[in-house]
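Here is the structure we will look at.
In UniProt numbering, the protein residues as written are 1 to 687.
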């Protein structure tokens, strides 16, 4: 295992010295067969392919040198529209489509094809040649899926192409969407049959292949069932986007059976008596967790990322680069244990008369939340990187006692936008404005002196929200997933983070199994090999919920429910997530809670074909805590005031623009540069 990691890291280091668009593997016309087809040569060759797998990890995105992938810190961060993630750059819009991931994929595919073509000649001569063939097919399938989920049908190049003088032999037309999917599944079936069952971090085995097959087949079933409106037949007569609806159940069955294969690999959820800690450890201990199925490792000497420096609150990293990771309130409201309004599904922060409810602390509204949420966001009053998190949007004048009623004036309807100054004016007692607000941060010297005495209170929280800094948590809620919470501030530097990226974990497999089972059960297939599918789906979901400390399902009738949800935001709990039936909405919500900020949900919305409706006039909503200055007690060491709070909820004051998903982006545009060199490439519809 350690040997494989060392090889990966060496190849990664070598890759840093070459062009970001070229594989760090010498062309086959430079390397001889003798160089490649020995134990050391084939291992190094394969490691190069793994390092370039299109895994959407910490270093994804244009700025990360992985062309075609979304950028965490730009308007290409489509997670800003799904509601799971927010930062200042993607606040008012997101750039969909046109990512351009194409050429690097076919470079990987060519290298895999070289192995698949040559290795049969070394069976009996090179130890494990059959397994190497299977591994090359896994890499080819993984890479083709990265293309297919973007574009639909793509050219299926199954062997190394000959290079001719005019290059015409390289021009290949697109295969159908269905053919492309089936080819990927065939490669994965081969990999499942012939790959080893040995577990090595950063490397696939037969169970990883099964996990990827489950992912691909679930995608295919969803496209078949929900994507017919976007089926498109090209001029050649090939169905370039779309899969026959009649194949939906077959694909969902393949997905379900693939998850059963993964279960044979001994993977399990990372459980523990402390539910919050158990969820933390999924990411803190990814290299040893029984939940990790496929990960990408980093190494301080060779291959690193900057997640901690960029995503921790600014104060905790020296007010440079940080503060780029917060979450919209809409996503938070999906979790159990929060005080929600039954009619809207939004946080209930006022009484029946519309007056703000008073809490004893700045974290009071989260006190009963499910532990998984507390391990996914930063909670005010808790300690991170040696700092107590301090979140406050403003103060209530010291002349006001918490027993006095303050009516909420600005509606929390997901539509109304108001500047911070107008909002401050809306907080009144006996007709008098009582909210104290500033645009500056405490470190800028902005404090409030009570009654002319020496007691000074930071008006805005030390960690936000503030309008003077674009990185001071626009939504009032910081994310914490993936962060090294105990890494000291001085050690949190750019290009020094090494925590692994988890591409596939067992929780995803359980939820894929549940989703496939519900899709089958609601469409005429009640059992599989004698097992009741809804019973199995309920157990899978409850296993995930039990670990999370969430409420458990009590009956399969909940999953069998074919009633259509309202599919209108703000109409009840979970109304943020659209689905064709209430039974399916349950598993979709669970994916949203469990897999957020793991680059899964955007692709979910595309395969469910709900992105256009769910991401329509969507604005981030925020949580704005206000401290009663009359109750404030300032900690002499930290300077943080504690006391009674009220919480306002509304469209974010900054970056509260609308997000809308254009339907053409269910399938992306084939890059113009590729169509210029290959005239056989037909463009997708609506471009």
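Here a beta-carbon is modelled for each residue, glycine too, at the ideal position from N, C-alpha and C. Remember, it's a predicted structure, so these values are computed and weren't measured experimentally.
N-terminal and C-terminal residue of the alpha helix (DSSP H) that residue i is part of
i	result
residue 626	Note, residue 626: premise wrong, no alpha helix (DSSP H); beta strand (DSSP E) at 621 to 628.
residue 154	Run containing residue 154: none; DSSP gives neither H nor E here.
residue 458	Where residue 458 is concerned, there is no enclosing alpha helix (DSSP H), although the beta strand (DSSP E) it sits in stretches over 456 to 458.
residue 208	206 to 226
residue 631	Per DSSP, residue 631 belongs to no alpha helix (DSSP H) and is neither H nor E.
residue 589	582 to 594
residue 681	Counting along the chain, residue 681 falls outside any alpha helix (DSSP H), and DSSP gives it neither H nor E.
residue 41	39 to 51
residue 640	Counting along the chain, residue 640 falls outside any alpha helix (DSSP H), and DSSP gives it neither H nor E.
Nearest-angstrom Cβ-Cβ length linking residue i and residue j, presumed shorter than 8 Å
i	j	result
residue 590	residue 525	In fact, because the Cβ distance is near 21 Å, the residues do not count as touching under 8 Å.
residue 632	residue 457	5 Å
residue 288	residue 214	Residue 288 to residue 214, Cβ: 23 Å. No contact.
residue 155	residue 105	Their Cβ separation, rounded to whole angstroms, is 11 Å, which puts residue 155 and residue 105 out of contact at 8 Å.
residue 395	residue 629	5 Å
residue 148	residue 184	7 Å
residue 492	residue 299	At roughly 18 Å, the Cβ-Cβ gap does not stay under 8 Å, so residue 492 and residue 299 are not in contact.
residue 326	residue 529	About 46 Å; that fails the 8 Å criterion.
Limits of the unbroken beta strand (DSSP E) element including residue i
i	result
residue 292	292 to 296
residue 447	447 to 449
residue 504	501 to 505
residue 395	394 to 396
residue 434	Neither: residue 434 is in no beta strand (DSSP E) and is coded neither H nor E.
residue 240	239 to 241
Simplified DSSP assignment, three categories, for residue i
i	result
residue 177	helix
residue 68	In this prediction, residue 68 has a pLDDT of 41, which is less than 50 and means its spatial position is unreliable; nothing more can be read from the coordinates.
residue 407	strand
residue 686	coil
residue 183	helix
residue 29	Low per-residue confidence applies at residue 29: pLDDT is 48, beneath 50, and the placement is therefore not dependable, though the value from the model is reported in the following sentence. Residue 29 falls in the coil class under three-state DSSP.
residue 193	helix
residue 655	coil
residue 418	coil
residue 199	coil
residue 377	strand
residue 78	coil
residue 479	strand
residue 667	coil
residue 691	This structure cannot settle anything about residue 691, because the visible part of the chain is limited to 1 through 687.
residue 675	helix
residue 648	strand
residue 114	helix
residue 355	strand
residue 347	strand
residue 262	helix
residue 143	helix
residue 85	coil
Proximity of residue i and residue j at Cβ, strictly below 8 Å
i	j	result
residue 549	residue 371	yes
residue 645	residue 461	no
residue 652	residue 418	no
residue 663	residue 606	no
residue 356	residue 408	yes
residue 118	residue 201	no
residue 329	residue 649	yes
residue 81	residue 657	no
residue 518	residue 559	yes
residue 188	residue 216	yes
residue 245	residue 222	no
residue 97	residue 241	no
residue 181	residue 143	no
residue 171	residue 671	no
residue 368	residue 337	yes
residue 582	residue 563	yes
residue 276	residue 50	no
residue 587	residue 615	no
residue 218	residue 512	yes
residue 699	residue 377	Only positions 1 to 687 of the chain appear in this structure, which leaves residue 699 out of reach.
residue 547	residue 113	no
Residue-chain proximity (residue i, chain D), Cβ-Cβ < 8 Å
i	result
residue 472	Looking at the structure shown, chain D is missing, and only one protein chain is on hand.
Does the stretch 200 to 209 touch the stretch 176 to 185, meaning 3 or more C-beta pairs lie closer than 8 Å?
Touching, no.
Assess, as a yes-or-no matter, whether the stretch 289 to 308 is touched by the stretch 393 to 413 under the definition of 3 or more beta carbon pairs within less than 8 Å.
no
Take every Cβ of the stretch 266 to 286, pair it with every Cβ of the stretch 497 to 507, and state whether three or more of those distances are shorter than 8 Å.
yes
Does the stretch 274 to 292 come within contact of the stretch 415 to 431, defined as at least 3 CB pairs closer than 8 Å?
no
Check whether the stretch 437 to 446 and the stretch 593 to 602 are in contact - that is, three or more C-beta pairs closer than 8 Å.
no
If you pair each beta-carbon of the stretch 677 to 687 with each one of the stretch 373 to 392, do three or more pairs fall below 8 Å?
no
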